[in-house]
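In my numbering, the protein residues as written are 78 to 154.
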Amino acid sequence: MSTIPLPPALDKSRHSVAAETSFARSLSPEQRLAVLARVCKSDIELLRLNRHRDRLLAMRDPVPPSTVAAWKRLSAS
Numbered sequence: 078m079s080t081i082p083l084p085p086a087l088d089k090s091r092h093s094v095a096a097e098t099s100f101a102r103s104l105s106p107e108q109r110l111a112v113l114a115r116v117c118k119s120d121i122e123l124l125r126l127n128r129h130r131d132r133l134l135a136m137r138d139p140v141p142p143s144t145v146a147a148w149k150r151l152s153a154s
């Protein structure tokens, strides 16, 4: 049985998690906030251009039961 080689980005023998995240870890909180703001601005622009915008915005993932239980425990304290 032959195996298909992984794409370079997924080959953990070539890249460690530390190497992959070194750029993000090197950022100051202000720089991270700026990156987040750019991502959010891009998302807003993509939504604006999407013809299914309203349908996409109406979609909601259900809250997992474990999260509901944790919220109830925290709220009770």
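Idealized CB from N, CA, C, for every residue including glycine.
Rounded to a whole number of angstroms, what is the C-alpha to C-alpha distance between residue i and residue j?
i: serine 152; j: proline 142; result: 15 Å
i: arginine 132; j: glutamate 107; result: 34 Å
i: leucine 113; j: serine 90; result: 30 Å
i: arginine 128; j: proline 139; result: 24 Å
i: glutamate 97; j: alanine 111; result: 20 Å
i: arginine 115; j: alanine 146; result: 34 Å
For the alpha helix (DSSP H) containing residue i, name the first residue and the last one.
i: threonine 80; result: Taken as a continuous stretch (DSSP letters only), threonine 80 belongs to no alpha helix (DSSP H), as it is neither H nor E.
i: proline 106; result: 106-126
i: proline 141; result: From DSSP, proline 141 is part of no alpha helix (DSSP H); its letter is neither H nor E.
Are the C-beta of residue i and some C-beta of chain C separated by less than 8 Å?
i: glutamate 122; result: Given the protein chain composition of this structure (a single chain), no chain C is represented.
Is residue i near the ligand NAD, judged by its Cβ being under 7 Å from some heavy atom?
i: leucine 151; result: In terms of ligand content, the structure shown is empty, and the ligand NAD therefore cannot be addressed.
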